[in-house]
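Numbering (this note's numbering), first residue to last: 248 to 696. Everything on this sheet refers to the single structure shown next.
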Amino acid sequence: MGACTPAEPGGQPARPRTGITDQNHKIRQKGHLFFFTNGRDARMLRANFPFPKANPVSQKPRHVETELVHAGTLRSQFAETSEALFLTQGHVYDSAEQCEKRFVGEDPGFIYARFSNPTVAMLEKRLCALEGAEAARCTATGMAAVTAALMGPVRAGDHVVAAQALFGSCRYVVEEHLPRYGVESTLVDGKDLDAWRKAVRPNTKVFFLESPSNPTLEVIDIAAVAKIAKEAGAILIVDNVFATPLWQKPLELGADCVVYSTTKHIDGQGRCLGGAILASEKFINDHVHTLLRQTGPALSPFNAWVMLKALETLPLRIRRQTESAAVLADWLAGQPKVKKLIYCGRKDHPQAEIIAKQMGGPTTLIALEVQGDKAGAYRFLNALKIFRISNNLGDAKSLAVHPATTTHQRFTPEVRASMGVSEGMVRLSVGLEHPDDLIADLENALAQV
Ligand SMILES: Cc1ncc(COP(=O)(O)O)c(C=O)c1O
Numbered sequence: 248m249g250a251c252t253p254a255e256p257g258g259q260p261a262r263p264r265t266g267i268t269d270q271n272h273k274i275r276q277k278g279h280l281f282f283f284t285n286g287r288d289a290r291m292l293r294a295n296f297p298f299p300k301a302n303p304v305s306q307k308p309r310h311v312e313t314e315l316v317h318a319g320t321l322r323s324q325f326a327e328t329s330e331a332l333f334l335t336q337g338h339v340y341d342s343a344e345q346c347e348k349r350f351v352g353e354d355p356g357f358i359y360a361r362f363s364n365p366t367v368a369m370l371e372k373r374l375c376a377l378e379g380a381e382a383a384r385c386t387a388t389g390m391a392a393v394t395a396a397l398m399g400p401v402r403a404g405d406h407v408v409a410a411q412a413l414f415g416s417c418r419y420v421v422e423e424h425l426p427r428y429g430v431e432s433t434l435v436d437g438k439d440l441d442a443w444r445k446a447v448r449p450n451t452k453v454f455f456l457e458s459p460s461n462p463t464l465e466v467i468d469i470a471a472v473a474k475i476a477k478e479a480g481a482i483l484i485v486d487n488v489f490a491t492p493l494w495q496k497p498l499e500l501g502a503d504c505v506v507y508s509t510t511k512h513i514d515g516q517g518r519c520l521g522g523a524i525l526a527s528e529k530f531i532n533d534h535v536h537t538l539l540r541q542t543g544p545a546l547s548p549f550n551a552w553v554m555l556k557a558l559e560t561l562p563l564r565i566r567r568q569t570e571s572a573a574v575l576a577d578w579l580a581g582q583p584k585v586k587k588l589i590y591c592g593r594k595d596h597p598q599a600e601i602i603a604k605q606m607g608g609p610t611t612l613i614a615l616e617v618q619g620d621k622a623g624a625y626r627f628l629n630a631l632k633i634f635r636i637s638n639n640l641g642d643a644k645s646l647a648v649h650p651a652t653t654t655h656q657r658f659t660p661e662v663r664a665s666m667g668v669s670e671g672m673v674r675l676s677v678g679l680e681h682p683d684d685l686i687a688d689l690e691n692a693l694a695q696v
């Protein structure tokens, strides 16, 4: 493939190519910033997140829907409409001299798909536009992103503080993996700001949290924790998977780095695994770029291409799935066989005030506890017809899972209890089906409990 140029919406010719991306990410161009739109969501979001910043071409802000269709597009000499899938491991050079220059970062362009690929670069730029981040790196899975973001900034002898309510694999990395390399970790109740303060040591380098957490939908005051991290001279990394990039902006709230499993809402159709790390150019430069380049958890260009197309419909999907989740949560709350219901859009959520402050929408996940503990939960799950039993989430298909025996199965019952994961808990991920059909499915399944 020949030279790529960044295209502007409306087919305008792009600015001259100055080197879109290469192994030396210093020359990557910055993504455009955006702001949210549309009715009530827009008002909530604008109140929470002081976007927009003007785009440099028209001086007018672009809306998220526009950015997610156009941002980051690179066009080849064939001027294709849709983003091209550059299914290539490497690139060829005009001369040995050019090759040498490319390797030392003096000649802009791509080298090798372990660390840069045009399709992956398009996805990274589009994710930057979505998140309002300066730089991004995509990875093969969400766990590769979490692991690289956590391991990049630390050295043996450093210390990490993390919220205890984490997805099982995230907790494994903090609790078991980092200590193997001489990095100590402390788990705290993330809702308790004093616990974060008290956990700080002179060698604390990183704070890490998920909010809302998987699967208990526990919400942490990100701005308050970011302040404590800053005072401690530590970096705050937020796993924003459950919130989705549409409903929560950790960087705007003071976090230094955001990580995603793009496997979830970003693909949103259950097809490809992927992950992303978003932060400042400096963060990516100092902590992430070399680690990813040299250790190689690269995202496949094919998966990047699928996710680029998926981003075009992200706002439509997440808004619709969130609306349906809110309807289902209200319906479930009134059912006698539901002992407990947790949903970020309800006033009875224990951290409703923080949600109102930091989230633009209540997201697509519901946690509920049915009567009869594990046996009751299993009867409920086994009777579902439209919701399918699956540990994935954020999918167009509605999914249900029993966290105690799957995502959080490796913990002792005591640890699970401390995380709020009960034997009767079921996590629902609400999809794109009609909410009336989903309620009928839940009604039928609850009758079997
Ligand atoms: C909160 C959270 N973070 C990270 C991950 C890991 O993502 P992946 O499965 O893409 O590695 C998951 C997966 O469920 C998750 O729920």
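Yeah, the Cβ is synthetic: ideal placement off N, Cα and C, and Gly gets one too. Note that the structure is predicted; figures quoted are calculated from it, not measured.
Annotation: Glu347 to Leu538 spans about 22 Å, alpha carbon to alpha carbon. According to the DSSP assignment, Arg674 belongs to no alpha helix (DSSP H) but to the beta strand (DSSP E) extending over Met672 to Ser676. Taken through DSSP and simplified to helix, strand or coil, Glu661 comes out as helix. Going by C-alpha positions, Thr491 is about 7 Å away from His512. Inclusion of Glu559 and Leu334 in the CB contact set at 7 Å is not warranted, their separation being larger than that value. Straight-line measurement puts the Cα of Ala383 at about 4 Å from the Cα of Leu525. Between the region 390-401 and the region 536-552, the count of C-beta pairs closer than 8 Å reaches three or more; the two stretches touch.
In the structure shown, Ala580 falls within a helical segment according to DSSP collapsed to helix, strand and coil. The beta carbons of Ala446 and Arg373 sit no closer together than 7 Å. Membership of Ala614 in the beta strand (DSSP E) is indicated by the continuous run Leu612 to Val617. Glu457 has its CB nearer than 6 Å to a heavy atom of ligand 1. In the structure shown, Ser508 adopts extended strand secondary structure according to DSSP, grouped into three states. Between the beta-carbon of Ala576 and that of Gly592 there is about 6 Å, and that keeps the pair under the 8 Å contact cut. In the displayed model, Ile565 falls within a helix according to three-state DSSP.
In the structure shown, Asp684 adopts helical secondary structure according to DSSP, grouped into three states. For Ser416, the enclosing alpha helix (DSSP H) stretches over residues Gly415 to Tyr419. For Cys346, there is no enclosing beta strand (DSSP E); the residue is part of the alpha helix (DSSP H) that begins and ends at Ala343 to Val351. Around the Cβ of Asp514, a 10 Å sphere holds 16 or more other Cβ atoms; the residue is buried. A direct Cα-Cα distance of roughly 29 Å separates Val420 from Ala624.
Here the alpha carbons of Asn461 and Asp468 stand approximately 16 Å from one another. Close CB contacts of Met554 within its chain, under the 7 Å cut and outside five residues either way in sequence, are with Leu370, Thr509, Ile513, Asp514, Cys519 and Gly521 (chain order).
Between Ile589 and Leu464, the gap from beta carbon to beta carbon is short of 7 Å. By the criterion of a C-beta distance shorter than 7 Å, Ser676 is surrounded in its chain by Thr611, Leu612, Leu640, Gly641, Asp642, Ser645 and Leu646, once the five residues flanking it on both sides are discounted. Between Ala442 and Val453, the CB-CB gap reaches or exceeds 7 Å. Bounds of the alpha helix (DSSP H) holding Ala471 are Ile469 to Ala479. Apart from sequence neighbours up to five positions away, the residues of its chain that approach Ser432 with a beta-carbon distance below 8 Å are His406, Val407, Val408, Ala409, Val421, Glu422, Leu425 and Pro426, ordered along the chain. DSSP places Glu559 in the helix class (H, G or I) of the three-state scheme.
Leu440 is positioned such that its CB atom lies closer than 7 Å to that of Ala471.
Around the beta carbon of Glu478, fewer than 16 other beta carbons sit within 10 angstroms, so the residue counts as exposed. In the structure shown, the three-state DSSP call for Asp436 is coil.
The Cβ neighbour count for Tyr507, taken over all protein chains shown within 10 Å, is at least 16; the residue is labelled buried. Per DSSP, His424 is not a residue of any alpha helix (DSSP H), being assigned neither H nor E.
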